[in-house]
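What follows is a single structure, written as structure tokens, with notes after it.
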Amino acid sequence: MEVSERFDAKNFMNGDTYEGHFRGTLPHGKGKYSWSDGTAYEGDWEVGRMTGNGRISWSTGGTYVGEFSGGYLHGFGTLNGSDGSVYVGSWRMNVQHGLGKKHYSSSETYEGSWKEGVRDGTGKYSWSDDSTYVGDWKGGRMNGRGFLTLANGDSYDGHWLNGLKHGSGIYKFSDGGYYFGTWSRGFKEGKGTFYPAGSKTPPLKKWYSCIGFKDEQQSLLPDTEYSTSEGSSKSGFHRTLSEMIHVSDNSMSRNRGRISHKTTSLDHNWRVNSSLSEAASCVVSGGSDEETPEDQENGAVVYEREYMQGVLIKEKSRSCSEASGKLQLQNKFCGIEESKRSALDILKSNRSYFLMLNLQLGIRYTVGKITPVPRREVRSSDFGERARIRMFFPRKGSQYTPSHHSISFHWKDYCPMVFRNLREMFKLDAADYMMSICGEDGLRELSSPGKSGSIFYLSLDDRFVIKTLKKYELKVLLRMLPRYYDHVGKHENTLITKFFGVHRITLRGRKKVRFVVMGNMFCTELRIHRRYDLKGSTLGRCTPKDKITENTTLKDLDLAYEFHMDQCLRDELFKQIHLDCEFLESQQIIDYSLLLGLHFRAPKHLKAILEGPETVHDRDGSPTGASSEGEPFIPPHSLLLVTHEPNSATRAPGPHIRGRALRAFSVGGKEVDLLLPETGRVQVQLGVNMPAQANHKVRHESCNDDSSEEVELFEVYNVVLYLGIIDILQEYNLKKKMEHAYKAFKFDPLSISVVPPKIYAKRFIHFLHNKVFPEEGRP
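Per full-length UniProt numbering, residue 1 is the first one in the sequence shown, and the count goes up by one each step.
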């Protein structure tokens with residue numbers, strides 16, 4: 001029997017009223033509901049819920065006119081906030097979601113994509129002073145690629161992170177000058193080239209291609225999401241968002257949901273994050289340090305500059321023809337540069353891309369298969385030959401595998417339960433792990449600066465490094481895996497490489513390619529300015545000066561610093577180094593090294609870290625490395641250890657760290673955090689965020705007229721250290737024994753890298769103890 005509809009009015013005991021159509025006892029059809037606090041809704045109802053088109057006005061002064069579904073603001077509508085802001089666009093479950101345009105009460109506007117109530121996707125933000133940003137957004141902040149135009153005529157086209165310039169980009173000044181370089185958290189960082197107004201710049205198309213943009217005309221706006229057919233969705237973004245908003249009224253999802261009939265205030269002031277305004281105001285204008293002398297020949301000279309945290313520390317002038325041939329990009333990850341050519345025959349052209357897709361497919365399958373299995377302690381059988389997951393991935397898919405756009409391949413996953421427990425040991429969530437490696441944005445392919453010719457992939461969030469293994473390296477890893485598992489489980493502060501998965505891909509008719517997934521030791525938002533690979537040997541352990549760039553991983557004889565740190569931190573460091581070396585010695589491993597990354601805290605007058613013939617001068621003509629009296633400049637302290645407070649760190653460490661906070665002698669033996677001015681608060685852990693003083697010996701001539709004697713002085717820098725023990729898969733086998741015998745006959749036996757494991761460990765520790773991290777006060 002159908003329930004008849006009727007028109008009626010009803011007063012509720014709490015003071016609410018409803019007047020309109022009913023179906024049974026529930027509002028259905030047209031009607032008006034008034035809450036006791038003054039909020040009112042008038043429009044369509046469906047079985048007791050606001051569904052259809054309607055208008056709601058809140059007692060606070062805000063109004064919404066548009067579509068509803070299941071009691072939610074859902075579909076398309078206009079919100080007029082009590083603060084004067086206006087949003088016109090799509091909604092989902094009471095929050096802005098989809099395409100929309102918002103006018104803020106501050107006369108600023110945003111037009112573009114929204115996700116869960118914040119700017120996310122692609123959009124355009126306009127400030128009240130006519131500055132504009134068009135590009136990518138994430139979590140309400142500029143993130144990805146974007147183009148910023150300032151009111152003074154300057155513009156920036158490049159990468160952004162959390163509302164700040166971060167990565168490669170081009171800054172164009174209003175007078176026509178260009179700066180090509182990189183930024184880190186809003187500051188110029190590393191090397192770049194400045195072209196004064198009128199100079200002949202390199203082809204912008206080539207630069208855009210280098211930094212990952214298709215071309216300088218590449219659209220920053222996505223294809224329309226309002227297209228109603230497959231054909232129209234491919235036609236591009238031909239209309240403005242405003243035009244599309246007015247033709248999208250007919251699209252609305254009718255999802256049902258449970259909701260309280262209490263009123264919900266949605267008239268919040270979603271202001272742009274303050275960092276956006278700061279980004280527009282803190283940029284150096286065209287008349288700043290980028291100004292060139294008036295007497296410079298027009299277009300004849302360009303300037304190669306090096307910055308550290310926004311401070312100019314080095315400058316060279318070159319002719320335009322020289323500079324255009326030396327345009328280089330930087331990569332801050334692990335001292336690895338983008339590869340132009342693969343070292344393995346199978347990794348050429350698009351086959352390398354297919355290999356990356358296969359790797360992602362396999363990891364997604366393996367993690368998805370092993371995660372539902374109840375957690376348990378590993379058994380001896382989990383390390384055995386049968387502890388493998390094998391699967392064939394045909395291109396068209398199968399009963400067990402999805403179809404894909406790569407080429408068919410065979411997949412093998414080694415010891416899945418062991419590596420699942422290792423990931424859980426480091427609190428790596430399975431979903432986060434898959435998103436980091438298998439996300440839609442893919443992996444970055446990188447090549448190693450070493451001799452191995454290995455291929456590296458880096459996850460876009462910088463948390464994981466994936467490296468190809470040789471067959472003998474895989475055998476060594478699997479042989480030592482039971483002891484490795486025990487060692488990592490027993491010593492939470494271990495410095496040795498953290499392995500999270502070992503896999504193999506076989507392409508039909510091709511070689512087998514083996515991979516290992518590792519934690520990135522340099523996963524930090526701080527820029528790693530210098531990198532060292534330290535073994536303790538001396539033969540061949542230096543880098544030719546003409547081959548040193550900011551991305552070069554330097555060696556033992558290149559190290560010109562001694563690092564002094566808090567005594568408790570040093571004691572903990574060497575305690576763990578001894579334990580790790582004992583483990584590696586027990587496994588007959590040699591050729592490992594300490595990977596050391598330095599982040600320099602740049603004071604106002606910091607000298608260039610790379611020694612060179614040029615000296616940067618400040619405006620009054622004094623060298624920036626000395627005071628006006630000629631005494632060496634000692635920079636002020638920019639690092640501060642404070643008592644550790646749980647959950648107070650502004651940045652989480654990388655996935656390779658799980659140890660507790662370290663204790664420091666300087667704060668009474670308490671666990672500590674590190675305060676970094678203008679950066680944040682980070683937790684000090686073994687191998688991560690470790691503060692130190694870097695002492696660099698320099699020769700300084702005496703100012704005494706009666707003597708030309710040279711005085712030994714130190715340049716002192718505050719640094720943050722990141723370190724770990726890498727390359728732990730070289731066994732002291734017969735081949736290495738023969739190499740040792742040959743080189744020991746030809747060279748000093750203690751200078752060569754290949755020595756027996758016991759001697760190698762002893763020499764490694766001695767080098768670090770006396771040369772790299774000497775005790776305070778040691779002569």
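Glycine is no exception: its CB is placed at the ideal position from the N, C-alpha and C atoms.
Using the three-state DSSP reduction, which class does residue i fall into: helix, strand or coil?
i           : result
residue 834 : In the structure as shown, the chain starts at 1 and stops at 779, and residue 834 therefore has no counterpart that could be examined.
T39         : coil
H21         : strand
R49         : strand
L443        : strand
T201        : coil
N14         : coil
D546        : helix
S126        : strand
L584        : helix
Y742        : helix
K369        : helix
L579        : helix
G169        : strand
H410        : strand
S131        : coil
K762        : helix
L361        : helix
Less than 8 angstroms separating the beta-carbons of residue i and residue j?
i           : j    : result
L598        : A694 : yes
F393        : H404 : yes
L477        : L164 : no
I389        : P416 : yes
S135        : F147 : Reading the sequence as shown, one finds Gly at residue 135 and not Ser. Yes, these two residues count as a Cβ contact at 8 angstroms.
L686        : Q567 : no
G43         : G52  : yes
R145        : H166 : no
S57         : T39  : yes
residue 781 : Y87  : The displayed coordinates of the chain run from 1 to 779. Any statement about residue 781 would go beyond what the structure contains.
S454        : K467 : yes
T494        : D580 : yes
R527        : E306 : no
F383        : L481 : yes
F773        : L573 : yes
K736        : I590 : yes
G15         : S36  : yes
residue 828 : V719 : What the structure shows of the chain is the stretch from 1 to 779, and residue 828 is not part of that stretch, so it cannot be assessed.
Excluding the 5 residues preceding and the 5 following residue i in the sequence, name in chain order all residues of the same chain whose CB lies nearer than 7 angstroms to its CB.
i    : result
F22  : E5, R6, D8, H28
Y195 : G177, Y178, T201, V302
K396 : S403
From the DSSP output, which residues share a beta bridge with residue i?
i           : result
Q693        : H564, N718
residue 813 : With the chain running from 1 to 779 in the structure shown, residue 813 is simply not present.
E306        : K191, K314
Q730        : I590
residue 794 : This structure does not reach residue 794, given that the chain is present from 1 up to 779, and the question cannot be answered.
L750        : DSSP lists no partner for L750.
S319        : V301
residue 782 : No information on residue 782 is available, as it lies outside the stretch 1 to 779 that the chain covers here.
H103        : V86, T109
M142        : W137
Y457        : E445, I466
M435        : DSSP lists no partner for M435.
F685        : This sequence places Gln at residue 685; Phe is not what is there. Note: Q685 sits in a beta bridge opposite V688.
Spatial neighbours of residue i within its chain, please: C-beta separation below 6 angstroms, excluding the five flanking residues on both sides.
i    : result
G669 : R663
R514 : L469, L474, R504
H410 : F392, T506
A197 : D175, G176, G177
D129 : A151
Going by beta carbon distance, what residues of the same chain come within less than 8 angstroms of residue i, once the five residues before and after it are set aside?
i    : result
S586 : R483
A761 : C581, E582, L584, E585
A557 : Note that residue 557 corresponds to Leu in the displayed sequence, not to Ala. Here the set comprises T538, R541, C542.
V418 : V378, D382, F383, A387, L481, Y485
G286 : Note that G286 scores a pLDDT of 38, beneath 50, so its modelled location is shaky and nothing firm can be said.
Taking only beta-carbon positions, decide if residue i is within less than 8 angstroms of chain B.
i    : result
G112 : Here chain B cannot be found, since the structure has a single protein chain.
| query | Quick one: complete beta strand (DSSP E) runs, 3+ long, within the region 489-516? | reply | 499-507
| said: If we require 3 or more residues per run, which beta strand (DSSP E) segments fall completely within the region 381-425? | reply: Taking only runs of at least 3 residues, the beta strand (DSSP E) segments lying wholly in the region 381-425 are 388-393, 409-414.
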